[in-house]
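Residue numbers (full-length UniProt numbering): 1 to 856. C-beta atoms are modelled at their ideal positions from N, C-alpha and C, and glycine is treated no differently. Computed from a prediction, not measured in an experiment: that's the story for all the values here.
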């Protein structure tokens with residue numbers, strides 16, 4: 001085993017081949033590769049490391065519009081973790097992870113040691129996909145070979161998230177590293193979309209351990225846009241190291257982050273090589289993690305290297321053009337055009353637009369176009385117009401050569417019509433559906449969308465892979481009240497897919513617990529009914545109710561019909577929308593009655609008997625309309641709304657605020673119709689509470705009142721007329737003085753007396769001429785600055801300042817001119833908790849103190 005990270009946690013990788021539609025050229029065979037993993041706990045701020053001024057240097061790779069916030073942020077304001085300059089065994093990929101998402105992590109930055117030199121700080125994007133079992137964390141940083149790392153982490157609350165750690169990955173080496181990809185895609189039937197497919201380094205060739213890939217079954221139903229990314233870290237990797245970097249990213253995503261696969265569909269290196277990312281990305285549209293809020297209907301191509309600091313090579317740009325052109329031709333995209341994307345919710349992904357809105361973006365776009373990030377770096381982003389144009393030209397040439405109409409190279413199955421007990425209602429928990437065999441098909445893939453009772457159907461932008469079978473039938477399960485749309489498509493031996501064809505859209509009867517029977521129904525024994533227990537009544541006005549019906553197209557009622565049987569009205573809420581009759585020539589214990597509803601119906605549906613004739617019912621089902629084409633969007637929103645630029649004149653009184661009232665000011669933002677103030681408050685000695693909205697205005701300032709001893713952490717956001725909300729601009733934390741009654745004073749020979757004068761702050765000061773007299777505030781928390789409002793003048797004395805038992809500074813109140821409200825500021829150096837104490841140092845020289853601010 002390689003002597004890498006040997007004393008730390010390791011994991012094994014093996015390689016499994018994956019068929020791709022390329023003509024194999026002589027390349028070195030990929031071999032099993034053992035990756036090694038290690039973690040370094042981030043436990044608070046290393047005091048020795050904090051003395052190094054370089055730890056406060058600005059990180060590269062930060063979002064380009066973050067300057068307004070960072071300009072006002074104290075470099076140590078919310079630093080919760082800073083590691084020492086850690087020496088490690090060699091690694092190529094690293095990142096930072098933590099448990100859960102309870103803390104709002106605002107910055108993670110790392111620097112690594114390469115060839116004996118420490119790099120600049122690189123900010124890592126916080127990215128969370130919401131995948132089950134995911135560990136919160138950052139994007140990875142890449143290195144051509146590092147043996148040291150330092151990390152710093154900031155949060156809004158000033159509390160470190162649990163389980164905070166640096167994760168290191170050494171991806172190992174393979175004889176295949178540095179080998180070129182297989183040849184160009186084989187030309188099959190004309191215009192299948194593969195005619196201009198470039199050479200691709202497959203997962204098998206770069207050494208993916210398929211045993212590490214888990215279930216990530218979501219697929220996009222179509223392609224609307226293609227994102228260009230870059231990676232943080234090294235630009236100095238060799239061609240032989242590039243495949244190892246891809247393995248390292250895969251290892252970090254699956255091993256450290258807990259994702260089922262690598263986050264990107266494709267990756268490219270500076271030498272022009274193209275790498276397959278996600279499983280099935282060559283032939284399909286697996287949903288990845290390329291852009292939080294927009295992962296559906298898009299793919300991501302990540303460029304290895306940091307193009308905020310380096311220029312993209314011509315070979316890298318050519319590789320991007322090739323893979324983007326291939327997919328644009330295959331899916332009929334206009335490379336120089338625009339498209340509309342729906343904004344989904346995303347945790348920790350800094351989406352620019354409001355969740356639920358639609359935005360108009362370029363078909364080929366950078367990550368920064370929709371999210372607050374520097375990605376893909378200013379230098380690569382500057383090449384985007386020429387890349388789009390080159391892609392468009394490549395697609396035009398393909399259309400001229402192979403035709404404009406691209407169709408799958410595999411035929412679609414013909415589905416056997418479902419039975420009456422399968423569609424539109426599937427009465428059994430599971431049922432088997434069939435289709436015809438397709439020549440050349442190696443297997444068949446089942447795709448599905450569904451909606452549980454009371455919930456909307458999945459929209460048509462995506463599919464869930466239900467399973468794959470080798471034969472021409474599949475058994476589909478369904479839960480009570482659930483609606484499931486089922487499709488099937490053929491897959492040939494090379495992995496190409498046919499168009500998907502509909503097998504069924506079926507709804508199951510609701511569960512017994514969803515049926516609310518009024519009094520007067522009698523439960524009957526016996527079998528032979530369609531489903532569930534039969535209940536009967538011979539009294540008018542008896543009801544059966546089902547709540548939370550969603551988008552129903554009809555109601556199907558299962559029961560018993562017979563001679564002289566009665567009828568039931570169907571009501572939506574209290575409105576009668578139809579009637580069904582149960583009269584029949586002979587008794588039918590498996591009778592079904594259907595009533596088409598007036599459009600998609602949601603809400604409470606009731607049945608009500610109309611006479612004293614017998615009515616007997618077992619259950620109901622509510623077949624739905626087809627799934628919506630997309631989520632119901634709010635009106636179109638702009639791609640970005642700039643964050644407010646803070647008016648620094650409103651921050652002169654920070655971190656201590658003497659007045660109870662404070663006005664927060666900012667500059668107007670183009671496109672904003674209003675502004676929203678958000679605040680997290682902490683009482684003296686207590687932790688910060690959750691973020692709340694403190695007010696809104698159409699102007700550019702808001703005045704608020706802060707209670708004595710409180711600390712506020714305030715942000716302002718711009719809001720557009722359609723509800724789009726900008727990223728926040730944050731003010732420095734501001735703290736009010738503690739109340740006069742909370743100050744503790746020594747007595748006796750070290751006593752303090754009360755002094756009153758209109759010139760003092762609050763017309764009051766505590767005064768002493770006794771050396772050793774102490775004035776204290778108990779229970780202060782996370783103090784970074786002590787501010788004291790005191791009088792100064794000729795012959796006045798000195799005070800020592802202590803926090804948590806440590807002397808942090810001295811205040812000399814001697815001055816040539818009298819000033820009864822002078823403000824003194826003492827920096828603590830880090831943060832300390834406990835008692836804040838002022839101690840008089842001179843006998844016979846007056847010290848007069850009005851208030852103490854224990855600023856966080």
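- Three or more beta-carbon pairs separated by less than 8 Å link the region 473-485 to the region 432-447, which places the two stretches in contact.
- For the pair residue 571 and residue 606, the CB atoms are nearer than the 8 Å cut-off.
- Around the C-beta of residue 369, 16 or more other C-beta atoms lie within 10 Å, and the residue is accordingly described as buried.
- Three or more Cβ pairs drawn from the region 511-526 and the region 541-558 lie within less than 8 Å of each other, which places the two stretches in contact.
- Under the 8 Å Cβ criterion, the region 742-761 does not count as touching the region 722-731, having fewer than three qualifying pairs.
- Taking all protein chains in view, the Cβ of residue 818 is surrounded by fewer than 16 other Cβ atoms within 10 Å, so the residue is classified as exposed.
- A Cβ-Cβ contact shorter than 8 Å links residue 156 with residue 680.
- The Cβ atoms of residue 580 and residue 595 sit closer than 8 Å to each other.
- Taking C-beta atoms under 8 Å as the contact rule, residue 142 and residue 231 qualify, at a distance of about 5 Å.
- In terms of Cβ geometry, residue 600 and residue 547 do not form a close pair [threshold 8 Å].
- Your pair residue 304 and residue 268 checks out as a contact, with CB atoms roughly 7 Å apart and the cut at 8 Å.
- In this structure, the alpha-carbon of residue 48 lies about 9 Å from that of residue 83.
- The Cβ atoms of residue 37 and residue 140 lie no closer than 8 Å to each other.
- By alpha-carbon distance to residue 692, the top candidate from 699, 673, 483, 712 is 712.
- Selection 243, 786, 769 evaluated against residue 776 yields 786 as nearest (Cα-Cα).
- With fewer than 16 other Cβ atoms inside 10 Å of its own Cβ, residue 404 counts as exposed.
- Secondary structure note for residue 399: its alpha helix (DSSP H) is the uninterrupted segment 384-402.
- The continuous stretches of alpha helix (DSSP H) do not include residue 572, which lies in the beta strand (DSSP E) extending over residues 567-572.
- For residue 353, the number of other beta carbons within 10 angstroms of its own is at least 16, and it is reported as buried.
- Judged by beta-carbon spacing, residue 378 lies beyond the 8 Å limit of residue 315, meaning their Cβ atoms are not closer than that value.
- Contiguous beta strand (DSSP E) elements confined to the region 708-796 occur at 711-719, 753-756, 764-768, 774-792, taking only those with 3 or more residues.
- Taking a 10 Å sphere around the C-beta of residue 80, we find 16 or more other C-beta atoms and assign the residue as buried.
- The continuous stretches of alpha helix (DSSP H) do not include residue 98, which lies in the beta strand (DSSP E) extending over residues 86-98.
- If you look at residue 212, you'll find it isn't in any alpha helix (DSSP H); DSSP assigns it neither H nor E.
- A residue is called buried once 16 or more other Cβ atoms fall within 10 Å of its Cβ, and residue 690, having fewer, is exposed.
- The continuous beta strand (DSSP E) containing residue 705 extends over residues 701-705.
- Taking the C-beta atoms as reference points, residue 129 is found nearer than 8 Å to residue 289.
- In this structure, the beta-carbon distance from residue 838 to residue 797 does not fall below 8 Å.
- With a threshold of 16 other beta carbon atoms within 10 Å, residue 395 meets it and is buried.
- Restricting attention to 678, 441, 448, the CA atom closest to the CA of residue 664 is found in 678.
- Between the region 582-590 and the region 412-419 there are fewer than three inter-stretch CB-CB distances shorter than 8 Å, so the stretches are not counted as touching.
- Within its own chain, the residues whose Cβ lies closer than 6 Å to the Cβ of residue 688, once the five positions on either side in sequence are excluded, are 157, 680, 682, listed in chain order.
- For residue 316, the secondary structure class from DSSP, reduced to helix, strand or coil, is helix.
- A Cβ-Cβ separation of about 6 Å places residue 95 in contact with residue 137 under the 8 Å criterion.
- Here residue 125 is buried: its Cβ has 16 or more other Cβ atoms, across all protein chains shown, within 10 Å.
- Annotation: the continuous beta strand (DSSP E) that includes residue 36 extends over 36-41.
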